[in-house]
């Protein structure tokens, strides 16, 4: 289950669910095959498995009611002109449709909402241009500018209006941090061209536990990002339209559902939806900066003195650190690009690196510009109005600009959630491939999106949203701990990476990464400590629990992998009994058992099927009392006693228990036997008919499941008469 | 599905789940058997199906971990000394225990609460003596005396105090009605010695619809009896201990659960629990009558004039009829004996008839005695105190007698519910045997009680109780409609019965039944009309709906029965193709299909199992893209290509859909083939591991279920390594 940094282990592919065998496994397979003896060679198949496709085009009506639809096709010839293997068919689109009518209708509706399915071969083309990638990946990062400076000033103002001046040096440090982290990720992207998420970088360089810790932090952060962003966005809407306030929770869930649907459609389409609002926000804030700085230049950059605010706390180191940590939330989302490298158009890493550069540059301009402008205008955080709104009102006293700014802010907050929709499923994909998350997160849905991961994120975020009733003020303190945990581990991992691979410029890179790791670690510690009581403890508790869960999942898959691994057959002539190697056909000794409750069409079908296998067969009847047992034996004789019958009187009227115990006793008497239990299954057409039947077949199956070498065969009987 | 009145169709037997074949069905079976040809005769079984039991006692340790427990035994020799059929074993008690440890613990707990399981042969001995049957079956009937007279007077007093004198003639008419209905049921019991419930009598003589209508009425009444009695009983308790009032709903549910547990233990034990309170109630009321009448005799039976009450309504015919109908609730429960005839000791019908006689006599004495005594003492119904309580306070001014009377009344009201527990499951049993109710109501639990019917009644009554919050005043108006519907249909049925079977005394009996039917019918109409607005409309709506449901269930079972009925094979030599008769082994043509996702231990086991069957075999692999398909074929060749492989590229990455469609296409190409799909099933030991797997096996099974002639075989792979 280990992963090598040198293989193509970071490629996202639809075949990830089918990992190739290692050379030694192929070798074992060959040795098993050498000893394989079927009891008699099958003399051809009674039907052509290629459905006659290779001979000629099938005539209409040939396949009964399926004829008008071409469900399977012969694969097209290879570009090099090589003949394809004969035993291959390609399933066409209709072959994916379910058979039942309601399921078909659902499938069509799904197609209308999500678009037609995409072929696996389309996975390469579903890539993002830089101008599209920028808004998709940066909405989380840039939207933080809407609340980051304010979060910092809100802490500083606790020490009185005079302390607000500290915002300028703190902003300077934060800009250094942003540039350092940005530079650090610039180094990481080419080193991990197939996706440089913190999970992968930390796993590779610091070990699985560090990787899982980073993953747990990121996952919590993604869920919180969606919940918080949606809450903030919905709050902006309900502030404008107070009549909608009682519908906060359904509105939020609706927004999450729309985001889910948009992302299930696939990457490019999702991008198209999100391009405009992000650029609108950037343009609006840039306009704000230009006009604001222009006015400040008009008065010679003389800062307006802020109104006097009484100090609530002394100005200590802890307060400054808390302000720094709060300001650092402006950086959440910076890792989005490095996670999404494979979603870029080729050359992926180069385009990703350029996009990251633009993003960090924009972040620095917006963040620094806003912080300084707030200082110049002498603004103070007020609980009833955001600083951005104050700034907008001051800068654009008239005209539509203020409204536009607020609308763009609300919209980008809603869309910031989308970054999480991009990264969360991809993270789960990588984790699942290493066996740290359920395998189903490997599966690419019919739109080539990781449907299961998207669904998991939506459900988790909606749950958080509903549990907190859309009042996510209490969630914000939890917000930055997870992401800075991941930043720190990722950059520390890069330090190890450069130390292990010395080369041109690796010393400079190591220094950059070390600086970034140290600063991120400081922010992490400050955030965890300063916000511990307000909710950060939840993250501190949840991260180890998640790591434990991932670890347990990994252990289960490892056990499974070992148990299902092929074992070479023993050396020497094929032994008569099953050895510790794989079972071979010539070693299987059959006993077919047919439980018969009453003699009717269904049980005779099962008996006919059993007898037609030509293996030793035994019928078993469970009778509630002697009278019934005698009566049944009489019927059996009337039929002709074609199969040996064993009657078990169950004086306590239980059926499944005695039958299961009897099969177990048979197995104990002949441990080398494979018991095939053949059960007729009457297929109900209507769902409401099911409670009218005893489900004996299902209960028997469940009771027999733990028994070794007991094979259960269901012979369907359809109600047509 | 028809039932003949002359067969033993009214016997309650544990074998009812296994109805015997009709002679023509046995004949068909023989003709099918004549044409039966297995492909090669099995040369003996590889293991002795009697587990060597007939040869010698097994030595310890022979059956592995099961050795210490003798799970199966040889049946004891028949009393006549006849040798038993060799192919029979008897499951001992431990063979009923489930295998898994939590299920075993649950099973033991269940045994502690409900007692050890009872053998089917014990069904004859689990019978009631008359002195035990009387309290069990009469608690419903006699408890009605506690509210019957009051219900009548409450209506009469609406026309003023002067109208109360009408209670004497009305009581006289009711006594006539009681005696008439009692005599009527006395005629019914010997005519239907195996249970003379209204459902059976009405079905037999008036047709299935009348029987179902009676059954629907009775079922509603049983559920209401439980809910109302428990509510009244709990109310009596909470009146004495007001602190318990907030716990009305949980208390009621607890009482229902205790009643359920008592009845699941079985008839005799349940009787023992209920003997004392019923006799205590009878003794207390008799003492009341003796003392009260003695005092009245002391004053020369001069009635005390009742206090003046102003009239609210005029004294019209409708009011008198309403009073009559209200008084008639005293008769609910009179049908209990005739339903329970088979639960009596032999000779059942004679003991039942005697018990019914005693019951009606007691009812008449208590009802008439109380009504006249109330008149003599000049008592008037008051909302804050029951008439019985007023009478007790007046008759026993000092001493413990009053308290004893009230306690016995509360207790018998609680226990009245028990009559419903006796009759409801039995009614469902008869309906299930006719195919009018789900088959599972035929099953006798391990204590020989109809566990499923008891459970259904408890759940329904608890639901009604919870929905109405234990305030069942609003349920009382619904109460009598159902039962008088059943009375009327049952007695009308007996009229038809005597007309069809003229004989000695049949004219007298017909007249008695006709009188009873007419009077019951009048009460029914009066009750339905007078109480329509107060809730009786619910019953008027529910009865036809229930009848429709029973009818639909019957239709489904009839369809099933027809579909599963044996069809004779066509005359002439055995045809090569499947004809419209039953399928025979020589007609089954196999194609074994093994879907293989990856080559590991599990899929190789499935392949080995498939190959060992010696039938034509085809492996199918579904690949998400060409690359993966090529890789898989390479591995297949490395293994040795022992089985023909067909690869299906599914470009939209769905697996189940294309596979199901492919199997359907194969079936269309060879309609005579039986496709056996062999799927490995990895058995998870822990429940929490299940979400980590895709459940492809289950989903495939569900997708294949609608396909004809597609057999699904699960080869279990247990995780041991």
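Chains as they are written, first to last, in the UniProt record's numbering: chain A, 1 to 721; chain B, 1 to 721.
Just so it is clear, CB atoms sit at the ideal spot from N, CA and C, and this is done for glycine as well.
All figures in this text were calculated on a predicted structure; none of them were measured in a lab.
Residues that residue i contacts on chain A, provided the C-beta gap is smaller than 7 Å
i, result
"residue 625/B", "14, 15, 120, 121"
"residue 412/B", "What residue 412/B touches in chain A: nothing, since even the nearest Cβ is about 34 Å away."
Nearest to residue i (by Cα), restricted to the options the options
i, options, result
"residue 664/B", "661/A, 98/A, 44/A, 180/A", "98/A"
"residue 90/A", "633/A, 73/A, 106/A", "73/A"
"residue 249/B", "462/B, 487/B, 620/B", "462/B"
"residue 552/A", "611/A, 480/A, 431/A", "431/A"
"residue 627/A", "648/A, 616/A, 638/A, 112/A", "648/A"
"residue 276/A", "671/A, 653/A, 131/A, 541/A", "131/A"
"residue 645/B", "607/B, 680/B, 660/B, 669/B", "607/B"
"residue 325/A", "589/A, 152/A, 666/A, 661/A", "152/A"
"residue 336/B", "691/B, 418/B, 657/B, 506/B", "418/B"
"residue 445/A", "436/A, 460/A, 429/A", "429/A"
"residue 47/B", "629/A, 615/A, 687/A, 258/A", "615/A"
"residue 311/B", "357/B, 681/B, 162/B, 281/B", "162/B"
Cα-Cα separation, residue i to residue j
i, j, result
"residue 579/A", "residue 568/A", "For residue 579/A, the predicted model reports a pLDDT of 42, less than 50, meaning its position is unreliable; a value from the coordinates is still stated below. Going from the Cα of residue 579/A to the Cα of residue 568/A covers about 10 Å."
"residue 339/A", "residue 210/A", "17 Å"
"residue 328/B", "residue 480/B", "8 Å"
"residue 372/B", "residue 332/B", "21 Å"
"residue 13/B", "residue 651/A", "13 Å"
"residue 260/B", "residue 414/B", "13 Å"
"residue 576/B", "residue 557/B", "For residue 576/B, the pLDDT reaches just 45, beneath the cut-off of 50, and the residue's location in the model is therefore unreliable, although a value from the coordinates is still provided. One C-alpha to the other measures close to 33 Å."
"residue 776/A", "residue 501/A", "Outside the displayed span of chain A (1 to 721) sits residue 776/A, for which this structure offers no information."
"residue 120/B", "residue 609/A", "33 Å"
"residue 487/A", "residue 214/A", "8 Å"
"residue 92/B", "residue 114/B", "19 Å"
Residues near residue i by beta carbon distance below 8 Å, same chain, minus five either side
i, result
"residue 17/A", "439, 442, 443"
"residue 180/B", "512, 515, 516, 519"
Chain-ordered chain A contacts of residue i [CB-CB under 9 Å]
i, result
"residue 716/B", "704, 705, 706, 707, 708, 709, 710, 711, 712"
Contacts that residue i makes with chain B (C-beta to C-beta distance below 7 Å)
i, result
"residue 650/A", "91"
"residue 26/A", "635, 638"
"residue 602/A", "564"
Own chain, CB closer than 6 Å to residue i, minus 5 neighbours either side, in chain order
i, result
"residue 709/A", "674"
"residue 304/A", "377, 378"
"residue 483/A", "221, 332"
"residue 82/B", "For residue 82/B, the pLDDT reaches just 48, beneath the cut-off of 50, and the residue's location in the model is therefore unreliable, although a value from the coordinates is still provided. Around residue 82/B: no qualifying Cβ."
Min CB distance residue i to chain C below 7 Å
i, result
"residue 537/A", "Absence of chain C from the displayed structure is noted, the protein chains being A and B."
Interface residues of chain A facing residue i [CB-CB closer than 8 Å]
i, result
"residue 48/B", "669"
Residues of its chain near residue i, where Cβ-Cβ distance is below 7 Å and the 5 sequence neighbours each way are ignored
i, result
"residue 301/B", "376"
"residue 319/A", "155, 158, 159, 313"
Chain B residues whose Cβ lies nearer than 9 Å to that of residue i
i, result
"residue 691/A", "438, 440"
Residue i beta carbon near the ligand SAM (any heavy atom closer than 6 Å)
i, result
"residue 138/A", "Summarising the ligand content, the structure contains no ligands, and the ligand SAM is consequently not present."
ask   = Taking contact to mean at least 3 C-beta pairs separated by less than 8 Å, is the stretch 421–438 of chain A in contact with the stretch 397–406 of chain A?
value = The count of Cβ pairs closer than 8 Å, one atom from the stretch 421–438 of chain A and one from the stretch 397–406 of chain A, stays below three, leaving the stretches out of contact.
query = Is the stretch 189–196 of chain B touching the stretch 367–374 of chain B in the sense that three or more CB pairs, one from each, lie closer than 8 Å?
reply = Judged by Cβ distances under 8 Å, the stretch 367–374 of chain B makes no contact with the stretch 189–196 of chain B, as fewer than three pairs qualify.
task = Determine contact between the stretch 164–178 of chain B and the stretch 447–454 of chain B, defined as no fewer than three beta-carbon pairs at a distance below 8 Å.
result = With a cut-off of 8 Å, the stretch 447–454 of chain B and the stretch 164–178 of chain B do not count as touching, because too few Cβ pairs lie within range.
query = For the stretch 391–401 of chain B against the stretch 288–303 of chain B, are there 3 or more C-beta pairs whose distance is under 8 Å?
reply = With three or more CB-CB distances shorter than 8 Å, the stretch 391–401 of chain B counts as touching the stretch 288–303 of chain B.
task = Check whether the stretch 141–160 of chain A touches the stretch 298–317 of chain A, taking contact to mean three or more Cβ pairs, one atom from each stretch, closer than 8 Å.
result = The stretch 141–160 of chain A, when compared against the stretch 298–317 of chain A, does touch it at the 8 Å Cβ threshold.
message = Could you check whether the stretch 616–635 of chain B touches the stretch 14–33 of chain A, counting it as contact only if at least three pairs of C-beta atoms, one from each stretch, sit closer than 8 Å?
response = Flag = yes, the stretch 616–635 of chain B and the stretch 14–33 of chain A touch.
message = Using 8 Å as the cut-off, can you tell me whether the stretch 530–544 of chain A makes contact with the stretch 699–709 of chain B, which would need three or more C-beta pairs spanning the two stretches below that distance?
response = Counting C-beta pairs closer than 8 Å gives fewer than three between the stretch 530–544 of chain A and the stretch 699–709 of chain B, which falls short of the contact rule.
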